[in-house]
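First the structure, in the form of structure tokens, and then the observations on it.
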Amino acid sequence: MSIKPAGEEREVKLLGGATVDGAPIAYLIVLAAVVTGLALIPLSVVLGSGKSFPMSQGIYPLVGWILGPIAGAIASAIGASLGIFIAPHTTTVPLATVLGAVMGSFAAGAMVAAGPRRNWWLPLSLLLFVIYGFYGGRAVLQNGVPVYAVVLGSFINWSALLLFLLPTRRLAASWIGHQDLRRVASGLFLGTWMAAGLSHLTAAAIVYFVVNWPEAVWLAMAPLAPLEHLARCVVGTVIGTGVIAGLRAIGLVKPAWAVY
């Protein structure tokens, strides 16, 4: 063990096996199962609908950071779809649940500063602006909700979008890829606020089209929604730090577009 190898250092890469966008199908199946399992656990009530949202919302971003944007979105979509059937108590509108899961993982996986996918955030940001405009515009123009109520009630949405547009997007990704687990935890918290907030925006826009909650609910969301979002961030940080530390310790081959 005291002999220093004389050969050139080699990098181990996955060359064979079935993959989805560079992520082994086995990884995708495992993480889809985790999303499904966490869909059984309600985390808090959803204002305006009477249902609850599941703990799985806290790990949608983590799935994207582990598998990459496309494979992560597929895994979360599968897990969320199965969760609709086995845990209907944590589903308000099925389409919103699935698309919210897709957005959470895709946005997280798109938080890269280098490589051929470094500009994916640009068209994604444009799409999210359209979604937010539809969401807030419907409330103000069609349902007569005051602008200030919409701004206060959608704080987690526009703050997540703003942070995603700023360099904080790249900062979160760089911290998640850092060897220091304290940096990893900080990156997971910041990144989950962004990606889970964008997931919530996508789902909320669809739910609001169905429910059309009044001004009172928008104002009620102002103090409560950020607290619920903090719960998502804590779940994503605690689970994510442990998962990433474990993946590094056992030396599993990274998917091609993994951020961690």
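Note that the sequence shown covers residues 1 to 260 in this note's numbering.
For every residue, glycine included, the Cβ atom is placed at its ideal position computed from N, Cα and C.
In this text, all values refer to a predicted model and were calculated from it rather than measured experimentally.
Please check the pair residue i and residue j, which I expect to be a contact at CB under 8 Å, by giving their CB distance rounded to whole angstroms.
i, j, result
"asparagine 157", "leucine 201", "4 Å"
"glycine 109", "serine 199", "Their Cβ separation, rounded to whole angstroms, is 12 Å, which puts glycine 109 and serine 199 out of contact at 8 Å."
"alanine 107", "phenylalanine 164", "7 Å"
"tyrosine 60", "isoleucine 176", "Going by Cβ atoms, the distance from tyrosine 60 to isoleucine 176 rounds to 15 Å, so no, they are not a contact pair."
"leucine 40", "isoleucine 86", "7 Å"
"alanine 139", "tyrosine 208", "7 Å"
"valine 93", "valine 217", "16 Å between Cβ atoms; not a contact."
"glycine 133", "alanine 160", "Contact doesn't hold; Cβ gap of about 15 Å is too wide."
"histidine 89", "proline 42", "6 Å"
"glycine 79", "alanine 33", "7 Å"
"leucine 28", "proline 54", "Going by Cβ atoms, the distance from leucine 28 to proline 54 rounds to 20 Å, so no, they are not a contact pair."
Ends of the alpha helix (DSSP H) at residue i?
i, result
"valine 35", "25-38"
"methionine 55", "From DSSP, methionine 55 is part of no alpha helix (DSSP H); its letter is neither H nor E."
"isoleucine 239", "215-250"
"tryptophan 175", "168-176"
"asparagine 157", "155-165"
"alanine 205", "181-211"
Based on Cα-Cα distance, which residue from the options lies nearest to residue i?
i, options, result
"aspartate 180", "Ala160, Ala225 and Ile244", "Ile244"
"proline 69", "Thr237, Leu230, Val20 and Leu219", "Val20"
"glycine 58", "Gly104, Leu99 and Pro88", "Gly104"
"methionine 111", "Gly72, Gly153 and His89", "Gly72"
"threonine 237", "Trp218, Val259, Val217 and Arg182", "Arg182"
"alanine 256", "Ile41, Val30 and Ile66", "Ile66"
"tryptophan 193", "Glu215, Ala205, Val234 and Val217", "Val234"
"arginine 118", "Leu82, Arg170, Ala185 and Leu166", "Arg170"
"leucine 230", "Leu162, Leu190, Ile78 and Ala172", "Leu190"
"threonine 241", "Ser159, Ala220 and Gly187", "Gly187"
"alanine 258", "Gly37, His178, Leu38 and Leu152", "His178"
"tyrosine 148", "Trp121, Ser81, Leu219 and Asn212", "Leu219"
"leucine 128", "Ile239, Ala205 and Ala26", "Ala205"
"valine 145", "Ile250, Asn212 and Gly251", "Asn212"
Ordered along the chain, which non-local residues of its own chain (more than five positions away) have a Cβ less than 6 Å from that of residue i?
i, result
"serine 76", "Val35, Tyr60, Val63, Ala101 and Ser105"
"alanine 225", "Ile156"
"leucine 263", "It is not possible to answer for residue 263, since the shown part of the chain is limited to 1 through 260."
Give every residue of the same chain whose Cβ lies closer than 7 Å to the Cβ of residue i, excluding the five residues on either side of it in the sequence, and list them in chain order.
i, result
"glycine 136", "Val150 and Ser154"
"isoleucine 84", "Thr91, Pro94 and Thr97"
"alanine 203", "Ala96, Thr97, Leu99 and Gly100"
Mind listing, in chain order, the continuous alpha helix (DSSP H) runs of no fewer than 4 residues lying wholly within the stretch 85-145?
94-109 and 121-137
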